[in-house]
Amino acid sequence: MTKKLLAAALIITALSACQSTNPYTREGQFNKTSKYAAGGAVVGAVAGQVIGKDTEGTLTGAAAGTALGAGLGYYFDRQEAALRQELERTGVSLRRTADNTLELVMPGNLTFRTGSSDINSGFYDVLDSVATILVEYKDTTIFVSGHTDNTGSLATNQRLSQERANSVGRYLSSRGVLSSRISSQGFDYQFPIASNSTASGREQNRRVEIEITGTN
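Heads up: the sequence shown is residues 1 to 216, going by the UniProt record's numbering.
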């Protein structure tokens, strides 16, 4: 009975460790490292029980699963930290979603000239930094999406958004990121992040986003 209680305590400890405090909102949140550790503990415990057919197997599996899961989360957290450091004061924002996807939002006025899909030469350094980190953390997939405001025809905006997404994807590939990891798509003005009724809103909507997702 004591070993069963210890196994349960290990899993509960892993789950409780998930909670951290968001430094901006001061609200509780779950970090990816702890999330993976908790998931690893639960899965490991179940596997250990099946394989070991006893409480000892549960304990061993939970401990091993916690270590493995934490490693996956640590890998993702390190990538996020590296990106935040490189993107500081560049104008590119980095957001981590509830499902632990990293979203880089690149304002169109920084990345492209109006009506063009040629990347501004002044933005090469930023993309070089992003590519370097993506090459280092290769166990991720990259989705590049292009977005416009609602000025002009749908066909024009669709073409421009796709060409801009393709340009960023090709550039990352030219800097060593495997093309098999990259997919690109243009969404014209389907997904605005601000109102298209104002100039400032339209400026925000003209953007390219890079979504980075772990493959594990």
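For every residue, glycine included, the Cβ atom is placed at its ideal position computed from N, Cα and C.
Out of the options, which has the shortest C-alpha to C-alpha gap to residue i?
| i | options | result |
| --- | --- | --- |
| E88 | V130, D99, G108 | V130 |
| R113 | S180, S183, S184, S167 | S167 |
| E209 | S183, S121, S195, T151 | S183 |
| I136 | N100, A82, F191, S161 | For the sequence presented, residue 136 should be read as Glu rather than Ile. E136 has its Cα closest to that of A82, out of N100, A82, F191, S161. |
| F76 | N120, F187, T141 | T141 |
| R207 | T97, N100, L160, V105 | V105 |
| residue 226 | N196, S180, F191, Q185 | For the chain, the structure presents residues 1 to 216; residue 226 sits outside this window and is missing. |
| F143 | D118, S116, G186, G115 | G186 |
| D125 | Q162, E80, L172 | L172 |
Which residues mark the beginning and the end of the beta strand (DSSP E) in which residue i is found?
| i | result |
| --- | --- |
| R95 | 93-96 |
For residue i, count the other beta carbons within 10 Å of its own beta carbon; 16 or more makes it buried, fewer makes it exposed. Which is it?
| i | result |
| --- | --- |
| L102 | buried |
| Y189 | buried |
| I193 | exposed |
| L154 | exposed |
| L178 | exposed |
| S174 | exposed |
| T97 | exposed |
| S195 | exposed |
| S93 | exposed |
| T111 | buried |
| Q79 | buried |
Return yes when at least one heavy atom of the ligand MG lies under 7 angstroms from the C-beta of residue i, else no.
| i | result |
| --- | --- |
| I133 | By its list of ligands, the structure shown contains no ligand whatsoever, and the ligand MG lies outside what it can speak to. |
### Segments assigned alpha helix (DSSP H), at least 4 residues, entirely inside the UniProt domain "OmpA-like" (99-216)
108-111, 124-136, 154-174, 199-205
### Query
Do three or more CB pairs link the segment 148-162 to the segment 196-212 at distances below 8 angstroms?
yes
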